[in-house]
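**Student:**
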Amino acid sequence: MLKYQKSNISSYKAIFNALQMQVDIFGQLPGFTILKKERFSTSFGAFSTLIIFGFCLLYLWIELAKLYNHSDPNVIQYDSQLIESSEIPLMNQNFTIAVTLTGLSTQPFKNVKRYFQINVNTCKRERIFNKTDNTTQVISSCQEYPIEACSLDHAVTESQKEYFGKLQLGTVQCLQNEAWKRNPPKLQGVLQAIEFQYLQIQIQICHNTTTYNECAPIEEIQDLAKAGFYGIHLSDNLLQLNEFLQPFSQIQSMQQASFSLKTSRSIYQTLKQINIITDDGFILENRNSFSGLIQNQWREESSTYNNIFLINHFIYLDGKQSTYQRNYIKIQAILGKIGGFWNVAVLLFKIFVTPIVITLMNVHLVNKLFRFEINEKSQLFKDEIKEESLNDLNKSQTIYKESSQQQYDVVNTNLKKKKPNIIKSNRNRNNQSEIQKYLTQSKQQLNLGIIDLFLVSFCCKRKVKQQIRYAKTKCSQKLDVALIISKIYEFDKLKYVLFSNEQLNIFNCLPKPIIPADLFNRKVSDKIKALEQQKQYLFMLEDEMPMKLRLEQAFSSYKKIKNKVDKTYTDYQLLEFLDDDLVNLFENLSKNDANDDLSSISNRDKLNSASQSRQLNVQLDISQISQY
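The opening residue of the sequence shown carries number 1 in UniProt numbering; numbering runs sequentially from there.
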């Protein structure tokens, strides 16, 4: 049964193979090479890649430094309405409150308690809804804090100490420390909230009571209270979102309002609640929260003096709160940025590097397949193509050592054998130098330096560009699938023309090339001659043979064919199609061999004559001895 018929019968297996081909996502495409490389690479492209890689490393170092130092966060700010909130205690560590009363000359009054009464209250208003009768009961309560002259004991933080150190502390009134610590004032909610807590500061004219009867005369009080300024020292916070550990910087400031006996002034001041949410995780989220209060609104209302208060100051929370969400960069984001930076850098470099690499690849390719009638050389830079040929020369030299080369280093004590070996060694050295000179100075190729590559890549040197384009077109035409298949059919036909039926049957059963195991040994040079004698290793060894040894073998065959008496038509055709440079090389090698042969003959004649003269001298000596 034929293979085609067999494949048609096993339809289920064919369907299975087709399904497997479509489903397998790990299927590998066949790899092809160009100029014995899976991908064409150049030193210029590698240098450009290293530049991009260096920039990426620098960018990675900068981003990692930001990650470690927690700098440059991504900040998102949004506001939300505040109605109900939890209690915010105002401790002396995080809040400052003090009162100053001054005259028109802004000089603070001394013995303030003799003229004015300062009341600081924390009040709470609570609404209780009765579901039975649908009524709401409002319960209000206030707690008054005793007042005393400020001292350095009231300053707790460094900023408070610095601020109070610049004031006349005896004229500034503060809350008693013990009462403040025992029951700190609180802020909660807004006016329409169920629970609402606020601060109230009230300034009144001093009146004698049963608990305090040291007020100044009313005329003196009225004289001072005609006009003056009410000053409130409150703490505030500066937002420093760039600071990781301390996003709030506490400061103290004073705000003033005028008062007089003719008016009663009400002040409504709001403090805005600020929430800062910080995500400082390196890979996963790790959220931390910071809260603080900043001064927001200051609104004043005045009316005719009501014989109750001069100043009535209310401090409560604002109806809006702001939230700042700080997100520090994470490792996965850094890697994503590096990937994006890499892609952009590669895209930009490709604009300049790709034309040069493509031109260099085309030059290598067409030089491998064609010869050219021009030979332009750059005088400024060494040709990269020539460097590659030099590398090919040095390749595999340790593997292919001629047995005659090893014999040149052996010291022969026999004078008659030593001279021919020296001559043979010199001959091989001369031949190798000629071959190396031919390979390194090969003509009829495009030799382009760095400047030439730039000029050709960017549409200069149009003649060279046209030659490369023409040669590339010819290569592309030879790679046409239909042409390749037709050539394969021609080779199949040629087998039937050249071989008989018996030869063809044997030819079709020739084995595949075999890879010798000794090829990977370190001492392969000692076994290379034995491997070359075995036909099954011949194909693989020919592929590994460097160009220098191929030329040496070609020279040996050239001498044999040229010296043949009855040359065939094929011999003449081969000699005719040889390159002129290659023919000159072979002729020079032939002259070297001829000169070495002449010198060896002359040396042999000299040795023979010297030996004959020594024999004559010995015979004369013997004859003289016999006469005696």
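For glycine and all other residues, C-beta sits at the position ideal for the given N, C-alpha and C.
Could you compute how far the alpha carbon of Q467 sits from the alpha carbon of V363?
**Tutor:** Those two C-alpha atoms are separated by around 10 angstroms.
**Student:** Let me know if L360 comes out buried or exposed under the rule of 16 or more other beta-carbons within 10 Å of its beta-carbon.
**Tutor:** L360 comes out buried.
**Student:** Just curious, the beta strand (DSSP E) that N111 is in, first and last residue?
**Tutor:** Unbroken run through N111: none, as it is neither H nor E.
**Student:** Would residue 684 be called buried (16 or more neighbouring beta carbons within 10 Å of its own) or exposed?
**Tutor:** With the chain covering only 1 through 628, there is no way to say anything about residue 684.
**Student:** What does a CB cutoff of less than 8 angstroms around F259 pick up in its chain, not counting 5 residues either side in sequence?
**Tutor:** Cβ neighbours of F259 beyond the five flanking positions: I203, A225, A227, G228, F229, Y230, R265, L310, I311.
**Student:** To the nearest angstrom, how far is the alpha carbon of L271 from that of D318?
**Tutor:** Their Cα atoms are separated by approximately 6 angstroms.
**Student:** Could you give the distance in angstroms between the alpha-carbon of G103 and the alpha-carbon of E178?
**Tutor:** If you take the alpha carbons of G103 and E178, they lie about 31 angstroms apart.
**Student:** Starting from K472, trace the alpha helix (DSSP H) both ways and give me its first and last residue.
**Tutor:** From DSSP, the alpha helix (DSSP H) with K472 extends over 462 to 478.
**Student:** CB Q188 to CB I308, shorter than 8 angstroms?
**Tutor:** Taking 8 angstroms as the Cβ cut-off, Q188 and I308 do not qualify as a contacting pair.
**Student:** Who pairs with N327 in a beta bridge, going by DSSP?
**Tutor:** DSSP, once it has assigned bridges, lists N74, D279 as partnering N327.
**Student:** With respect to the beta strand (DSSP E) encompassing D318, which residues constitute its N-terminal and C-terminal limits?
**Tutor:** Run containing D318: none; DSSP gives neither H nor E here.
**Student:** Quick one: what's got a C-beta closer than 6 angstroms to E376's C-beta in the same chain, skipping five residues either side?
**Tutor:** Its pLDDT being 46, under 50, E376 is placed unreliably by the model, and the measurement read from it follows with that caveat. Nothing listed; no residue qualifies.
**Student:** Nearest to M254 by alpha carbon, out of K262, Q240, E144, Q295?
**Tutor:** Ranking the options by Cα distance to M254, first place goes to Q295.
**Student:** Which ranges does the beta strand (DSSP E) cover as unbroken runs of at least 3 residues, wholly within the stretch 160 to 190, from first to last along the chain?
**Tutor:** Counting whole runs of 3 or more residues, the stretch 160 to 190 contains the beta strand (DSSP E) stretches 173 to 175.
**Student:** Taking S249 and Q273 to be in contact with their CB atoms under 8 angstroms, please state how far apart those CB atoms are, rounded to whole angstroms.
**Tutor:** About 17 angstroms; that fails the 8 angstroms criterion.
**Student:** In this structure, does DSSP put R550 in helix, strand or coil?
**Tutor:** In the structure shown, R550 sits in a helix (DSSP, three-state: H, G or I).
**Student:** Run through the DSSP bridge pairs and tell me what N340 is partnered with.
**Tutor:** Rather than Asn, the amino acid found at residue 340 in this sequence is Gly. None, per the DSSP bridge assignment.
**Student:** If we ignore side chains and look at the alpha-carbon of each, how far apart do T263 and T304 end up?
**Tutor:** Taking the straight line from one Cα to the other gives about 4 angstroms.
**Student:** Pull up the DSSP beta-bridge partners for E148, would you.
**Tutor:** DSSP output for E148 lists C174 as bridge partner(s).
**Student:** Assuming the contact rule is C-beta atoms closer than 8 angstroms, N121 and W180 should be a hit. Round their C-beta distance to whole Å, please.
**Tutor:** 13 angstroms between Cβ atoms; not a contact.
**Student:** How would you label Q20, buried or exposed, when you count the other beta carbons within 10 angstroms and need 16 or more for buried?
**Tutor:** Q20 comes out exposed.
**Student:** DSSP three-state label for G27, please.
**Tutor:** In this structure, G27 counts as coil in the three-state DSSP scheme.
**Student:** Measuring alpha carbon to alpha carbon, tell me which residue in E63, S433, G54, L58 is nearest L589.
**Tutor:** Ranking E63, S433, G54, L58 by Cα distance to L589 puts S433 first.
**Student:** Whose C-beta lies closer than 6 angstroms to the C-beta of Q173 among residues of the same chain, with five residues either side of it excluded?
**Tutor:** Cβ neighbours of Q173 beyond the five flanking positions: V99, I118, I147.
**Student:** On the criterion of 16 or more Cβ atoms from any shown chain inside 10 Å, does K417 qualify as buried, or is it exposed?
**Tutor:** Residue confidence for K417 is low, a pLDDT of 46 falling below 50, so the modelled location carries little weight; the figure read from the coordinates is stated next. Exposed, since its Cβ has fewer than 16 Cβ neighbours within 10 Å.
**Student:** Thinking C-alpha only, which one of A155, E195, Q160 is nearest R127?
**Tutor:** Nearest of A155, E195, Q160 to R127, Cα basis: E195.
**Student:** Could you spell out where the beta strand (DSSP E) holding residue 630 opens and where it closes?
**Tutor:** Residue 630 cannot be examined here, being either before or after the span of the chain that is shown, 1 to 628.
**Student:** DSSP three-state call for Q407: helix, strand or coil?
**Tutor:** In this prediction, Q407 scores a pLDDT of 36, lower than 50, which makes its location untrustworthy; the coordinate-derived value is nonetheless stated afterwards. Helix, per DSSP.
**Student:** Taking the DSSP output, what are the residues bridged to P511?
**Tutor:** In DSSP, P511 forms no bridge with anything.
**Student:** From the DSSP output, which residues share a beta bridge with N119?
**Tutor:** The partner list for N119 (beta bridge, DSSP) reads Q202.
**Student:** According to DSSP, is D566 helix, strand or coil?
**Tutor:** Coil at D566, not helix or strand.
**Student:** Which of the three DSSP states, helix, strand or coil, is assigned to Y496?
**Tutor:** Helix.
**Student:** In whole angstroms, give me the CA-to-CA distance for R462 and I338.
**Tutor:** Cα to Cα, the separation comes out at about 40 angstroms.
**Student:** With DSSP collapsed to three states, give me the class of P89.
**Tutor:** The answer is strand: DSSP assigns P89 an E or B state.
**Student:** Between A257, S48, Y328, which has its C-alpha nearest E285's C-alpha?
**Tutor:** If we check each option's Cα against that of E285, Y328 comes out closest.
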